[in-house]
Amino acid sequence: INWQTAKTYEDILYQKTDGIAKITINRPHKRNAFRPETVFELYDAFCNAREDTTIGVVLFTGYGPHTDGKYAFCSGGDQSVRGHAGYVDDTGIPRLNVLDLQRLIRSMPKVVIALVAGYAIGGGHVLHLICDLTIAADNAIFGQTGPKVGSFDGGFGASYLARVVGQKKAREIWFLCRQYDAQQALEMGLINCVVPVEQLEAEGIQWAQEILEKSPIAIRCLKAAFNADCDGQAGLQELAGNATLLYYMTEEGSEGKQAFLEKRPPDFRSFPWLP
Ligand code: 2NE
Numbered sequence: 110i111n112w113q114t115a116k117t118y119e120d121i122l123y124q125k126t127d128g129i130a131k132i133t134i135n136r137p138h139k140r141n142a143f144r145p146e147t148v149f150e151l152y153d154a155f156c157n158a159r160e161d162t163t164i165g166v167v168l169f170t171g172y173g174p175h176t177d178g179k180y181a182f183c184s185g186g187d188q189s190v191r192g193h194a195g196y197v198d199d200t201g202i203p204r205l206n207v208l209d210l211q212r213l214i215r216s217m218p219k220v221v222i223a224l225v226a227g228y229a230i231g232g233g234h235v236l237h238l239i240c241d242l243t244i245a246a247d248n249a250i251f252g253q254t255g256p257k258v259g260s261f262d263g264g265f266g267a268s269y270l271a272r273v274v275g276q277k278k279a280r281e282i283w284f285l286c287r288q289y290d291a292q293q294a295l296e297m298g299l300i301n302c303v304v305p306v307e308q309l310e311a312e313g314i315q316w317a318q319e320i321l322e323k324s325p326i327a328i329r330c331l332k333a334a335f336n337a338d339c340d341g342q343a344g345l346q347e348l349a350g351n352a353t354l355l356y357y358m359t360e361e362g363s364e365g366k367q368a369f370l371e372k373r374p375p376d377f378r379s380f381p382w383l384p
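If you read the sequence shown in our numbering, its first letter stands for residue 110, the second for the next number, and so on.
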């Protein structure tokens with residue numbers, strides 16, 4: 110596949126090809142743990158993919174293998190820069206800016222597919238969870254570590270996990286902090302499929318290409334609908350935003366705007382009150 114670099118960053122790689130963006134966390138020496146700068150860069154790249162009308166699918170992955178031969182999707186927050194109130198960058202300000210990234214991935218009207226090879230652990234596990242789909246390599250390992258390392262994600266990391274794998278399994282995952290292999294993750298519905306590690310990207314591209322053959326508006330409305338079921342008023346806002354988008358695209362919606370601009374009363378009489 111002919112990946113083109115879309116923008117150069119320090120902690121991530123950002124590439125595009127026909128209809129597909131690929132965002133790769135590039136800190137393999139830390140098992141792709143994120144620091145605040147990593148998250149700012151990821152946020153910037155995901156925003157770019159959201160704004161690019163040629164992009165329908167984002168593949169989200171971690172660089173690997175590292176020089177020791179091990180793979181990681183992401184091992185969560187970089188504990189070496191964790192300060193007294195969050196993860197700290199050069200400004201000295203403590204942050205948990207990964208929560209902004211979670212909301213962006215969840216709400217952007219494009220399909221985000223996590224490609225997980227090796228560890229998806231801690232906040233890195235929540236990042237794959239938040240993606241629309243997860244394709245795992247046969248060497249993938251999943252788990253939360255929060256209660257072991259003095260942290261937890263009680264947002265999507267708990268509530269959405271419980272929606273995905275059920276309350277009992279979600280509590281087990283968080284309370285025991287065990288690691289689960291790809292087959293176990295598949296059996297609990299945490300991921301979509303498992304492939305040999307050398308086929309991971311090709312499988313992701315195949316899924317992306319199948320999605321890209323579909324109707325963009327149907328896909329975006331479905332994503333918003335799945336989110337609306339769990340996300341309260343924020344979910345309704347997303348779903349309703351699509352209704353407004355579609356209404357703007359009708360003659361009826363356009364008549365209201367035209368009438369205002371032409372300083373005349375709107376005439377909606379030709380539009381039916383459908384049953
Ligand atoms: C991921 C895991 C299980 C891998 O184990 P292994 O044995 O394959 O590798 P190793 O030797 O532990 O790690 C390799 C290098 O990466 C660093 C390590 O310190 C080590 O560095 P060196 O000793 O070679 O210099 N590294 C790995 N993960 C790191 C991390 N998260 N931060 C900083 N350095 C890291 C094993 O490495 C592991 O258990 N990692 C920690 C996982 C973890 O607890 N993550 C944080 C969870 S909390 C969180 O992410 C979070 C949240 O709970 C709520 C909101 C936001 C974030």
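Don't be surprised by glycine CBs; every beta carbon is placed ideally from N, CA and C. Just so it is clear, the structure is predicted and the values come from calculations on it, not from any experiment.
- Under the three-state reduction of DSSP, ALA115 is assigned to strand.
- According to the DSSP assignment, THR243 belongs to the beta strand (DSSP E) that extends over 242–246.
- Between GLY232 and GLN253, the alpha-carbon positions lie close to 8 Å from each other.
- When secondary structure is reduced to three states using DSSP, ARG140 falls in the coil class, being assigned neither helix nor strand.
- It is roughly 48 Å from the alpha-carbon of ALA311 to the alpha-carbon of PHE380.
- With a threshold of 7 Å, the Cβ atom of VAL258 counts as near the ligand 2NE, since some heavy atom of the ligand is closer than that.
- GLN113 and ASP376 have their C-alpha atoms spaced approximately 50 Å apart.
- By the neighbour-count criterion, in which a residue is buried when 16 or more other Cβ atoms sit within 10 angstroms of its Cβ, ASP338 is exposed.
- Scanning the segment 171–248 from its first residue to its last, the whole beta strand (DSSP E) runs of 3-plus residues come out as 181–183, 220–225, 228–230 and 242–246.
- For VAL258, the uninterrupted alpha helix (DSSP H) segment begins and ends at 255–258.
- Inter-residue distance for LYS116 and GLN124 is about 7 Å (C-alpha atoms, whole angstroms).
- For LYS277, the uninterrupted alpha helix (DSSP H) segment begins and ends at 276–285.
- For ILE134, the secondary structure class from DSSP, reduced to helix, strand or coil, is strand.
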